[in-house]
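Trainee: If you use my numbering, the sequence shown corresponds to residues 112 to 503, in order. Don't be surprised by glycine CBs; every beta carbon is placed ideally from N, CA and C.
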Amino acid sequence: LATTGEAAFASASSEAPPDFILMNVGIGRWSLTETLSNLRNDVRTANIPVVLFGPPAAEDVIENNLSDQVLDEKLAMADRIKALEGLHSRVRTSGGSMDKSRLKKLSDLIDRMIDKRQRFENMSPETILDYQARALQEKLAAAGINKGDEIIGKGRLIEEKRKLRKEYETDRKLDKQMEAGLRELMSDLVVKSVRAPGQLVRPEKQSGPIDFRKKFQQELADNSTLFYIEEPQSSEDFKEQIQPFQEKIRSAGMSAQERQRQARLAAITLAEVGTGKLSKVFPLEPEEASLLQASHNLEILYDVLTAMSVLPTPAVQNRLAEISVNEGIAVELRTKATEHLTSQVNQAGNRLLPEAVRRLTTLADTATDEKLQSALQALLGSLKPSGADLVK
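1) Please classify H199 as buried or exposed, where buried requires at least 16 neighbouring CB atoms within 10 angstroms.
2) Assuming V154 and M134 form a contact by the criterion Cβ under 8 Å, report the distance between their Cβ atoms to the nearest whole angstrom.
3) Go to E341, then tell me how far its beta strand (DSSP E) extends in each direction, as first and last residue.
4) Count the other C-beta atoms from every protein chain shown that fall within 10 angstroms of the C-beta of L463, then say buried if there are 16 or more, exposed otherwise.
5) When the distance is taken between beta carbons, is A448 closer than 7 Å to S435?
6) For the beta strand (DSSP E) that contains N135, what are its first and last residues?
7) What three-state label does DSSP hand L163 in the structure shown?
8) By DSSP, does G439 sit in helix, in strand, or in coil?
9) Can you grab the Cα-Cα spacing for the pair K277 / L195, in whole Å?
10) Identify which residue in E396, S366, G292, Q484 has its Cα closest to the Cα of I225.
11) Indicate the three-state DSSP secondary structure (helix, strand or coil) for F393 in the structure shown.
12) From E450 to S390, what does the alpha carbon distance come to, in whole angstroms?
13) Roughly how many angstroms separate the alpha carbons of S304 and R283, rounded to a whole number?
14) Give a yes or no on whether the C-beta atoms belonging to V442 and L483 are separated by under 7 Å.
15) Please list the terminal residues of the continuous alpha helix (DSSP H) segment that includes G385.
16) To the nearest angstrom, report how far apart K215 and D299 are at their CA atoms.
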């Protein structure tokens, strides 16, 4: 909001009071502290929530969080490997800025994984089979399968053996993948020291973005209408961050004029979607109930009819028939509804109730408007079987 300054804000706020103000902390021509002060001192914006968004937290915070996930042995190995890949990517980009304690823990983790791998590699095939057999017996006992369950036992025994071997092989692959990833990470992080070869030395910290969340920590703590999010990487990321904040605020109720204007804009938008091939990209099926309700609003009916034209459901077809025979609606709209109904019947078949067909047939004989009568005759001619047959 107001990326070009006061004039843009005045223009935007003249439409309706904004729900909140979204402001990029990186706009250099503004003093952020001064801007926040001005917003709070302006009667128009004093109580409007402000959302600041800026760079992510400093690299060392992100890297420490990822390294903690790598070290967390309660997490699934696949998730730890994913965190490791993210950590390695950041280290290659920024040079690494983790604290020494985490570097030491990562180094110790490599030693433990090497030791574990070597122990397995040094096991004889008989020892491995015995290890698997014991694990299998524990699983079978937990599942309530014993030697007395001959038929079920044999089937489950084969199944569990196959499952256990697959798990065993998967675990070994993940362990190797983790070990290899850790080795690559540490080769990028470790700086050889002349005094102590192989000693881990913290790389020189790279200059990075200011942690704006920390910079405005006091303002955020003092002001319940001030909120900070990290610069989003995608629309989904933005929604996830903004949702907790949005849940705390409520818009002022719209006036009848504002609701009508909103409905008109929505109808125009849905009519655009219903024209051409856009409805294949943005399906209108989820909006059927809303469109049926909106079809009672005569001021936006023309656009609503256009949107309804791509939904040949029984409810829509029968609503179009109701509009066609309703003498309280402008004849142009009744004609348009009839034309859309004819198109739907030709493309998707007749889903009209017998009573609707009877009323359309009667109207086709009595209508005085030539365009409406012509549209009704075309509709009845498209029905299979004919309208007269359906009435009978």
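Mentor: In brief:
1) The sequence position of residue 199 within the sequence shown is 88, counting from 1. Buried, since its Cβ has 16 or more Cβ neighbours within 10 Å.
2) Within the sequence shown, the letter at position 43 stands for residue 154. Within the sequence shown, the letter at position 23 stands for residue 134. With a Cβ gap of about 19 Å, V154 and M134 do not count as contacting.
3) The residue given as residue 341 occupies position 230 in the sequence shown. Where E341 is concerned, the enclosing beta strand (DSSP E) stretches over 337-341.
4) For this step, residue 463 is matched to residue 352 along the sequence shown. L463 is buried by the Cβ-count criterion.
5) Taking the first residue of the sequence shown as position 1, residue 435 is located at position 324. Taking the first residue of the sequence shown as position 1, residue 448 is located at position 337. Taking 7 Å as the Cβ cut-off, S435 and A448 qualify as a contacting pair.
6) As a working mapping, residue 135 is identified with position 24 in the sequence shown. Residues 132-135.
7) Here residue 163 is taken as the residue at index 52 of the sequence shown, counted from 1. Note: L163 maps to strand in three-state DSSP.
8) Position 328 of the sequence shown holds residue 439. If DSSP states are grouped into helix, strand and coil, G439 belongs with coil.
9) Here the question's residue 277 lines up with position 166 in the sequence shown. Here the question's residue 195 lines up with position 84 in the sequence shown. For K277 and L195, the distance between alpha carbons rounds to 24 Å.
10) Position 114 of the sequence shown, counted from the start, is the residue given in the question as residue 225. Comparing Cα positions, the closest option is G292.
11) To locate residue 393, count along the sequence shown from 1; it is residue 282. Residue state, collapsed to three classes: coil.
12) Taking the sequence shown and counting its residues from 1, one reaches residue 450 at position 339. Taking the sequence shown and counting its residues from 1, one reaches residue 390 at position 279. Taking the straight line from one Cα to the other gives about 19 Å.
13) As a first step, residue 304 must be located in the sequence shown, where it is residue number 193. As a first step, residue 283 must be located in the sequence shown, where it is residue number 172. Below a pLDDT of 50, predicted positions are generally treated as unreliable, and S304, at 30, falls in that range; no measurement from the model is reported.
14) Your numbering for residue 442 matches position 331 in the sequence shown. Your numbering for residue 483 matches position 372 in the sequence shown. For V442 and L483, yes; Cβs fall inside 7 Å.
15) Stepping through the sequence shown from its first residue, residue 385 is reached at position 274. That run of the alpha helix (DSSP H) goes 367-385.
16) Locating residue 215 in the sequence shown gives position 104, where the first residue counts as 1. Locating residue 299 in the sequence shown gives position 188, where the first residue counts as 1. Cα to Cα, K215 sits roughly 14 Å from D299.
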